[in-house]
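Just so we're aligned, residue 201 is where the sequence shown starts under the numbering used here, counting upward by one. Note that CB positions come from ideal geometry on N, CA and C, so glycine has one too. These notes concern the structure reproduced below.
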Amino acid sequence: MPYLYETHLHTSQTSACGESRGREYIRGYKQLGYTGIIVTDHFYKGNCTVSRSLPWREFVNQFCRGFEDARNEGERQGLDVFFSWEETFDDDDYLIYGLGKDWLMEHPEAAHWSRKEQYRAVREAGGCVVQAHPFRQHYYIHSITLSPALVDGVEAANAGNHDQSFDALALRYAKKLGLPVTAGSDIHETGQLAAGDVFGVYLNKKMKTIADYVAAIKGNAIADLKMSPGRCDSRGSATVSLPVKILDADERDTGQDLWNFLKD
Ligand SMILES: [Zn+2]
Ligand SMILES: [Zn+2]
């Protein structure tokens, strides 16, 4: 029996755009048959509630509040809750899986990583990096930045994208790179759960720790994606109206054209 996991979730304690507390998600996910959820609040350079002027250890303590609230309630109700985070660069976002609070405590430099430093450090520590909704276009996004050499996977299906052609394009991009794909809700409030508009991944093995998810991504062992029907259907016409930058492994703009890049 496959196990279902949410891979992209925000809490109001830690994400400024989050509207529901960590604990409030637990019952809904249980009712929908999820085995667990991964909390991915907005990190230091993202839309985070925690003051950047705090000493690092206090920043980390407060950053973990939404996760800890969800985990404690998860323990009460029997839903597994795992810690991760989402970091933002220009308008590009990355889900960082595999590193915990203890690791963060010892690594204040994580607040100021470049994409390249992030990829190296996260992998050295046994984690992985997944680019979130790489083709999202929305009023607050001014450009699309792709860093194909600095990720382990691509979030193909994101329930927070209002246009599913963004997801079709993300799937096409991941296939071009030969990278594993994930699906996640990017959920910010429990109303999305009540509407059943939630995504996730199916794994054949139950996760004991977040390292199991990292292994599933690196081993290309995600059994299936939970998403709405036709979500990544590439027959939809994807239009990209924003400037696109495709970076090399040193984060230099390669100047490549997206459509040429995606060509077989
Ligand atoms: Zn958000
Ligand atoms: Zn997010």
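Review point. Does the region 233-250 touch the region 436-454, meaning 3 or more C-beta pairs lie closer than 8 Å?
Key: no
Exercise for review: Decide if the region 222-239 is in contact with the region 375-390; the criterion is three or more beta carbon pairs, one per stretch, under 8 Å apart.
Suggested key: yes
**Study point:** L367 in three-state terms, based on DSSP
**Key:** Translated into positions along the sequence shown, residue 367 becomes position 167. The sequence given here has Asp at residue 367, not Leu. Residue state, collapsed to three classes: helix.
Point to revise | Continuous alpha helix (DSSP H) stretch holding N460: start and end | key: The count along the sequence shown starts at 1 and reaches residue 460 at position 260. Where N460 is concerned, the enclosing alpha helix (DSSP H) stretches over 458-462.
Check your understanding: When every heavy atom of ligand 1 is checked, does at least one fall within less than 7 Å of the C-beta of H210?
Key -> Along the sequence shown, read from residue 1 onward, the residue named residue 210 stands at position 10. Result yes, Cβ under 7 Å from ligand 1.
Exercise for review: Look up G236 in the DSSP assignment and say whether it is helix, strand or coil.
Suggested key: Here residue 236 is taken as the residue at index 36 of the sequence shown, counted from 1. DSSP places G236 in strand when its eight states are reduced to three.
Practice item. Measure the alpha-carbon distance for W303 versus R431 and round it to whole angstroms. Key: Residue 303 sits at position 103 when you count from the first residue of the sequence shown. Residue 431 sits at position 231 when you count from the first residue of the sequence shown. When rounded, the separation of the alpha-carbon atoms in W303 and R431 is 36 Å.
Exercise for review: Below 6 Å CB to CB, which residues in the same chain sit around H210 once its five sequence neighbours on both sides are set aside?
Suggested key: For the purposes of this step, residue 210 is taken as residue 10 along the sequence shown, with counting starting at 1. Same-chain partners within the cutoff: G218, D241, H388.
Practice item. Could you name each continuous beta strand (DSSP E) segment of 3 residues or more that falls completely within the region 236-317, going from the start of the chain to the end? Key: 236-242, 280-288, 293-297
Check your understanding: So is the beta-carbon of S385 under 7 Å away from any non-hydrogen atom of ligand 1?
Key -> If you number the sequence shown from 1, residue 385 lands on position 185. Not so, every heavy atom of ligand 1 lies at least 7 Å from the Cβ.
**Study point:** Neighbour-count burial assignment, K426, 16 or more Cβ in a 10 Å radius
**Key:** Counting from 1 along the sequence shown, the entry for residue 426 is found at position 226. So K426 ends up on the buried side.
Review point. At what residues does the alpha helix (DSSP H) containing K230 begin and finish?
Key: Numbered from its first residue, the sequence shown carries residue 230 at position 30. Start and end: 226-231.
Exercise for review: Quick one: give me the first and last residue of the alpha helix (DSSP H) that A332 is part of.
Suggested key: Taking the first residue of the sequence shown as position 1, residue 332 is located at position 132. Run containing A332: none in the alpha helix (DSSP H); it sits in the beta strand (DSSP E), 328-332.
Review point. Beta strand (DSSP E) containing Y339: first to last residue?
Key: The residue you call residue 339 lines up with position 139 of the sequence shown. First-last for Y339: undefined, no H or E at that position.
Exercise for review: To the nearest angstrom, report how far apart R252 and S314 are at their CA atoms.
Suggested key: For this step, residue 252 is matched to residue 52 along the sequence shown. For this step, residue 314 is matched to residue 114 along the sequence shown. Rounded to whole angstroms, R252 to S314 spans 17 Å at the Cα level.
Review point. A449 to Q277, Cα distance in whole Å?
Key: Mapped onto the sequence shown, residue 449 falls at position 249. Mapped onto the sequence shown, residue 277 falls at position 77. The alpha-carbon atoms of A449 and Q277 are separated by roughly 44 Å.
Review point. Touch check for the region 255-275 and the region 287-298: three-plus C-beta pairs under 8 Å?
Key: Segments in contact, no.
**Study point:** Continuous beta strand (DSSP E) stretch holding I417: start and end
**Key:** Looking up residue 417 in the sequence shown gives position 217. Where I417 is concerned, there is no enclosing beta strand (DSSP E), although the alpha helix (DSSP H) it sits in stretches over 410-418.
Practice item. State the start and end residues of the unbroken alpha helix (DSSP H) segment that holds A394. Key: Within the sequence shown, the letter at position 194 stands for residue 394. Per DSSP, A394 belongs to the alpha helix (DSSP H) from 391-394.
Check your understanding: What separation, rounded to the nearest whole angstrom, lies between the Cα atoms of K316 and N361?
Key -> Locating residue 316 in the sequence shown gives position 116, where the first residue counts as 1. Locating residue 361 in the sequence shown gives position 161, where the first residue counts as 1. Cα to Cα, the separation comes out at about 26 Å.
**Study point:** Own chain residues within Cβ distance below 8 Å of I465, not counting five before or after
**Key:** The requested residue 465 does not occur in the structure, where the chain is confined to residues 201 to 464.
Check your understanding: Cβ of S470 versus every heavy atom of ligand 1: is any distance shorter than 7 Å?
Key -> Because residue 470 is not part of the residues shown, which for the chain are 201 to 464, the question remains open.
Review point. Where DSSP assigns a beta bridge to L425, which residues make up the other side?
Key: As a position in the sequence shown, residue 425 is number 225, starting the count at 1. Note: L425 sits in a beta bridge opposite V401.
Exercise for review: Please confirm whether any heavy atom of ligand 1 lies closer than 7 Å to the CB of H362.
Suggested key: Position 162 of the sequence shown, counting from 1, holds the residue named residue 362. Checking every heavy atom of ligand 1 against the Cβ of H362, none is found closer than 7 Å.
Point to revise | Beta-carbon contacts of G228 that lie in its chain and below 8 Å, excluding the five residues immediately before and after | key: Indexing the sequence shown from 1 puts residue 228 at position 28. So the list reads T390, L393, A394, once near-sequence residues are dropped.
Check your understanding: Do the region 350-365 and the region 327-334 make contact, defined as three or more Cβ pairs closer than 8 Å?
Key -> yes
Practice item. Taking 8 Å as the cut-off, decide whether the C-beta atoms of V414 and G326 are in contact. Key: As a first step, residue 414 must be located in the sequence shown, where it is residue number 214. As a first step, residue 326 must be located in the sequence shown, where it is residue number 126. In this structure, G326 lies closer than 8 Å to V414 by Cβ.
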